[in-house]
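Enquirer: I'd like to ask you about the structure that follows.
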Amino acid sequence: MVSAFILAKVENGLRKFIPSVLDNLLTPMLAIFITGFLTFTVVGPFTRDIGFLLGDGLNWLYDSAGFIGGALFGFIYAPFVITGMHHSFIAIETQLLTDIAITGGTFIFPIAAMSNIAQGAAALAVGFTTKDVKQKGIAMPSGVTALLGITEPAMFGVNLKLRYPFIAAIIGAAVSSAFITMFNVKAQALGAAGLPGIISIRPENIGYYVAGMAISFAVAFGLTIVLGMREKQKASKRVTAAA
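Here the UniProt record's numbering is used: position 55 in the sequence shown is 55, and no number is missing along the way.
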């Protein structure tokens, strides 16, 4: 997203200097070249280091603050996905799994799964309640894919667009993450962070993992319906006031 923002700014800047007759030829090429150079030399390393620092901070928070730290991590995990910085957690998870005899596994994977389940539940709630056929056609399948661990279609196509489902989802992720943190749920391998992720969880934690997914789904689904009703009431009042 940072690179896309820079690309847009660079392209707009180039259009001010490049003659219109050469615009179609030079502007895209130069914009991509400049943005690519900045991404590999400045943006990439900078955002990577920020991700590592955030990961280390969250690791400390999880170990020090218990379920409160788990709730906070669950709450902000989806915003990390928006920026793409969640990819930096892979290195941390790999280290946690390398030292599994000491760490017991990775706590990041189960929390990521709680967030993904919540995003899927919120999108499904929109799909079940909306009367817009097009929106329903996007929300239902994207909600299912989010439950399986792929959240981008649901997050960008439905939840962020309407805002209130995203709010409901991060609250659901926070509540369920607090729950699984209380019972020290960890994964012993990486995989699809969602329903299929059950095979990656330590056997003694599977029951709590399933309960956490149920909590995540119920909270996100229910809150999305409640917040959706409030949004409809606000829209109705605005229409009445305008009339």
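Quick reminder that beta carbons are idealized off the backbone N, C-alpha and C, glycines included. These numbers come from a predicted model, not from an experiment.
Taking one C-beta from the segment 144-156 and one from the segment 76-85 each time, how about it: are there three or more such pairs within less than 8 Å?
Expert: yes
Enquirer: Going straight from the alpha carbon of Ile-2 to that of Lys-161, what length do you get?
Expert: Looking up residue 2 in the sequence shown gives position 2. Looking up residue 161 in the sequence shown gives position 161. The identity of residue 2 in the sequence shown is Val, whereas the question assumes Ile. In this structure, the alpha-carbon of Val-2 lies about 19 Å from that of Lys-161.
Enquirer: With which residues is Ala-187 paired in a DSSP beta bridge?
Expert: Position 187 of the sequence shown, counted from the first residue, corresponds to residue 187. Answer by DSSP bridge pairing, in chain order: Thr-106 and Ile-201.
Enquirer: Using 8 Å as the cut-off, can you tell me whether the segment 116-132 makes contact with the segment 55-70, which would need three or more C-beta pairs spanning the two stretches below that distance?
Expert: Contact check between the segment 116-132 and the segment 55-70: fewer than three CB pairs, one atom from each, fall below 8 Å, which does not count as touching.
Enquirer: Are the beta-carbon atoms of Leu-223 and Gly-194 separated by less than 8 Å?
Expert: The residue labelled residue 223 in the question sits at position 223 within the sequence shown. The residue labelled residue 194 in the question sits at position 194 within the sequence shown. Not in contact: Leu-223 and Gly-194 (Cβ atoms no closer than 8 Å).
Enquirer: May I ask you to verify whether the segment 162-180 touches the segment 100-118, counting CB pairs closer than 8 Å and requiring at least 3?
Expert: yes
Enquirer: Where does Leu-148 fall in DSSP's three states?
Expert: Walking along the sequence shown from the start, residue 148 turns up at place 148. Correct three-state label for Leu-148: coil.
Enquirer: Distance, Cα to Cα, Lys-131 vs Gly-137?
Expert: In the sequence shown, counting from the first residue as 1, residue 131 sits at position 131. In the sequence shown, counting from the first residue as 1, residue 137 sits at position 137. Each residue's Cα considered, the two are about 11 Å apart.
Enquirer: So does the segment 138-147 actually touch the segment 89-106, counting three or more Cβ pairs closer than 8 Å?
Expert: no
Enquirer: Determine the extent of the alpha helix (DSSP H) in which Arg-15 is found, giving its start and end residues.
Expert: For this step, residue 15 is matched to residue 15 along the sequence shown. From DSSP, the alpha helix (DSSP H) with Arg-15 extends over 2-15.
Enquirer: Assuming residue 253 contacts Gly-212 under a Cβ cut-off of 8 Å, what Cβ separation, rounded to an integer in Å, is found between them?
Expert: With the chain represented from 1 up to 243, any question about residue 253 goes unanswered, as that position is not in the structure.
Enquirer: Enumerate, from N- to C-terminal direction, the unbroken alpha helix (DSSP H) stretches of 4 or more residues contained entirely within the segment 12-77.
Expert: 20-38 and 44-65
Enquirer: Return the residue from the list Gln-135, Ala-220 and Phe-40 that minimises the CA-CA distance to Val-175.
Expert: By 1-based counting over the sequence shown, the position of residue 175 is 175. Out of Gln-135, Ala-220 and Phe-40, Ala-220 has the C-alpha closest to the C-alpha of Val-175.
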